[in-house]
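J.: Everything in the sequence shown is counted per the numbering used here, starting at -12 for the first residue and increasing by one.
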Amino acid sequence: MTKIRVLDPETVNQIAAGEVVERPASVAKELLENAIDADATSILLEITSDMTGITKIRVTDNGEGMTAEEAVLAFHPHATSKIRDIADLSEIRTLGFRGEALASIAAVAEVTLVTRPRGGDALAGTRIVVRGGEVVEKSEVGAPEGTTVAVERLFYNTPARRKFLKSRNTELAHVYAVAESLALAHGEVAFRVVQNGKERMATQRSGGALNTIAGLYGAELARSLIPVEGRLPFIRIGGYISRPSENRGTPSQISVSINGRSISSRQIAAAVREGYGTLLPKDRYPVAFLDLAIDTDLVDVNVHPTKREVRLSREREITGAIAAAVNEALSRHDLARETPAEPVQQQITLEGIEPAPPSPPSVAEAGAQPYTADHRSLTLSDKQLRRTETEGRENLLPAMEPIGQVAATYIVAEGTDGTLYLVDQHAAHERVLYDQVAEQRNRDAGSQELIMPVVLSLPPKEAAALRDAIPLLADGGFVVEEFGRDTFAVRAVPTALGAVEDPATVREMIADLLHDEAKTAPDRREAVTCIVACRGAVKAGAILTPEQQKRLITQLARTKTPWTCPHGRPTVVAFDKRKLDGLFKR
Ligand code: ADP
Ligand code: MG
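#1: Taking 5 Å as the limit, tell me which residues put their C-beta closer than that to any heavy atom of ligand 2, in chain order.
#2: Are R545 and T377 closer than 8 Å when you measure CB to CB?
#3: Tell me which residues share the same chain as Q356 and place their Cβ nearer than 6 Å to its Cβ, disregarding the 5 neighbours each side in the sequence.
#4: Ordered along the chain, which non-local residues of its own chain (more than five positions away) have a Cβ less than 7 Å from that of E302?
#5: For S300, I'd like the list of residues in its chain whose CB is within less than 6 Å of its CB, leaving aside the five on either flank, ordered along the chain.
#6: For ligand 1, is there any heavy atom lying closer than 7 Å to the beta carbon of R85?
#7: If you run the structure through DSSP and keep just helix, strand and coil, what is A351?
#8: For the 8 Å Cβ check, are there 3 or more pairs between the stretch 113 to 125 and the stretch 32 to 48?
#9: In the DSSP output, what is E468 paired with across the bridge?
#10: On a CA-only basis, which of F465, E469, G471 and F475 is nearest T516? Give me that one, please.
#11: State the start and end residues of the unbroken alpha helix (DSSP H) segment that holds P490.
#12: Could you compute how far the alpha carbon of L567 sits from the alpha carbon of T532?
#13: Ordered along the chain, which non-local residues of its own chain (more than five positions away) have a Cβ less than 8 Å from that of R218?
#14: Would you call R428 buried or exposed, if buried means 16 or more other Cβ atoms sit within 10 Å of its Cβ?
#15: Tell me whether the beta-carbon of Y204 lies closer than 8 Å to the beta-carbon of V467.
#16: With distance defined between alpha-carbon atoms, name the residue in G195, P481, G5 and T403 nearest to R430.
#17: Which class does Q191 belong to by DSSP, given the choice of helix, strand or coil?
#18: Residues in its own chain within less than 7 Å of A93 by CB, not counting five upstream and five downstream?
#19: Would the C-beta of E51 count as close to ligand 3, meaning under 7 Å from any of its heavy atoms?
#20: What residue range does the alpha helix (DSSP H) around K537 cover?
#21: Return the CA-CA distance between K185 and L31, expressed in angstroms with no decimal places.
#22: Would T52 and R105 be called neighbours here (beta carbons separated by less than 8 Å)?
#23: Could you pull the DSSP bridge partners for G107 from this structure?
#24: Hey, how far is the Cα of P273 from the Cα of R260?
#25: In this structure, how does DSSP classify P(-4) when only helix, strand and coil are distinguished?
#26: Could you please give the first and the last residue of the uninterrupted alpha helix (DSSP H) stretch that includes L19?
#27: Closer than 7 Å by C-beta to H554: which residues in its own chain qualify, once you throw out the five before and the five after it? Chain order, please.
#28: So for T336, helix, strand or coil by DSSP?
#29: In angstroms with no decimal places, state the Cα-to-Cα distance between L169 and G528.
#30: Could you say which of P292, N49, V288 and L279 lies nearest to E87 if we only look at CA atoms?
#31: Counting only the same chain and skipping the five closest in sequence on each side, list residues whose C-beta sits under 7 Å from that of R149.
#32: Under 7 Å Cβ to Cβ from Q535, same chain only, skipping five residues before and after it: list those, please.
#33: For C521, I'd like the list of residues in its chain whose CB is within less than 6 Å of its CB, leaving aside the five on either flank, ordered along the chain.
#34: When the Cα atoms are used, what is the spatial distance from A27 to G133?
#35: Which of helix, strand or coil does DSSP assign to L409?
#36: Going along the chain, which unbroken runs of the beta strand (DSSP E) with 3 or more residues stay wholly within the stretch 22 to 81?
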């Protein structure tokens, strides 16, 4: 008896699967890539999850489909339609070529594949179920053109692997990150991502890279980007980069695709950074979406089982060309002239997160600085006030009629008995909001999904703090998910805030929450409520219409303790007629 034996195919496949299938996101990546390779124009990714984690991943495409014979072959290890021999690898145009994804996935899960070739007979569809590498079912079915692959019970037979899975939200975040990078690299395909029946992401076909970026990260970011272009005999550089003011603490927002393959490369990220030179502080990184077309014989894609990394020949010339193109784009773009619509705020509260709003202007400054109401700030205040509208009957404040505002900060109102009231608009609204958030928290009224998730890229330290605070935030009604390295998506906010469309407000709240104050507060839940109230409230310095002033006073009057804000400062001060008379020595 020799001690060396040839492993049985099942074991071989399970071992191979270890390289390709690390987590649910790897499954999503392989299935999505197969759909793209099959020339699909529309791809749906459906994720099902429950308390235990992700239970099912299903990808449906309208690609070329497979015959019954091909469908069986597809599950064989090293079976691929994409290359014939190693020579083909040098000019590979497909994402897959190793022929091991389906075999690997099927070795460690239950896979159901339904497919029908394009142009084939409507009833000539094939359904195959493979479990632990064994075909357990094969039948002829009616099916639409294209392919659906569903993967369930991932790692059911490899408990060690299952143990390494992270929390459901972390795994979901990885899946979303995979879908995002493929969507960025493949504008020719319309992607839709649905989780437990809810749409999480959707891009349009050939909407252009900017549209895809807007769909994924918000129109605000997309609008502010600068186009990059460059060309050498063997490389074409395209894409978009951020203005220097839009920077991050990590390079995780530099996304790069080479010949349609989204890859990660330190060297290329460093080249992009280099192109900014001194326009960025030393340890800051821009946001960039680079699309590189490089002669295929300079790109070795076969260095990594998941093909996430590639090896480049003439790497120095390539990175040099990228840095030069970035630099050129920035210098062509007159950064100074294009001042942002909002005043630049100098006060920095936290790296990587938008600065806090300026402190309320003093009355003295007010004289020198005329307040002008722009449409944006008026509608913002309007939204903020509308959210806190209630039915209440109580009226704990004396009747008063607003006359106007002082310093865009205090509402001046007159009581029926001639009393003069000054209402601190921010403190007043803070009280209103605080009471409502606290009330909802007690009723467990939960959270409201944002129309567009707010994406935060943080330096590692803040990222760690935010990671720790996720359960606390969840308790306060925020749904925050980590996806990618040190990048988070805020997907929902407390109901009292409504579907805040103002990403800056959300960023401010998170910045405050990460501050020492909130971290060490004896009652952290309380701290969350305070911050939400403060950041969600009408700002000092915001011009309010007479109607808005009135609404705010009515809302304040309906709270149980209208006279102070949650921090105990006064919301209203009164000068009765006698006091006024006294001031004038009458
Ligand atoms: P690879 O993509 O490296 O070729 P896979 O194991 O991922 O290997 O897939 C094996 C083969 O199955 C592919 O080469 C392709 O011919 C076929 N296939 C897989 N998924 C699809 C799909 N969604 N549509 C059409 N054909 C597919
Ligand atoms: Mg593949």
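Don't be surprised by glycine CBs; every beta carbon is placed ideally from N, CA and C.
T.: Reading from the atomic positions:
#1: N21, G83 and A88
#2: yes
#3: Model confidence at Q356 stands at a pLDDT of 39, short of 50, so the residue's coordinates are unreliable; what they give is reported in the following sentence. Counting only Cβ-Cβ distances below 6 Å, and skipping sequence neighbours, we find nothing.
#4: Q254
#5: L285
#6: yes
#7: Model confidence at A351 stands at a pLDDT of 38, short of 50, so the residue's coordinates are unreliable and nothing is read from them.
#8: no
#9: A476
#10: F465
#11: P490 to L501
#12: 27 Å
#13: I224
#14: buried
#15: no
#16: P481
#17: coil
#18: F62, V117 and G120
#19: Among the ligands present in this structure, namely ligand 1 and ligand 2, ligand 3 is not found.
#20: P533 to A544
#21: 12 Å
#22: It should be pointed out that residue 52 corresponds to Gly in this sequence rather than to Thr. Yes, they are a contact pair.
#23: Per DSSP, none; premise fails for G107.
#24: 7 Å
#25: helix
#26: P11 to D24
#27: none
#28: Residue confidence for T336 is low, a pLDDT of 28 falling below 50, so the modelled location carries little weight and cannot support an answer.
#29: 43 Å
#30: P292
#31: F142
#32: S368, D369 and L372
#33: E417
#34: 8 Å
#35: strand
#36: 29 to 37 and 40 to 48
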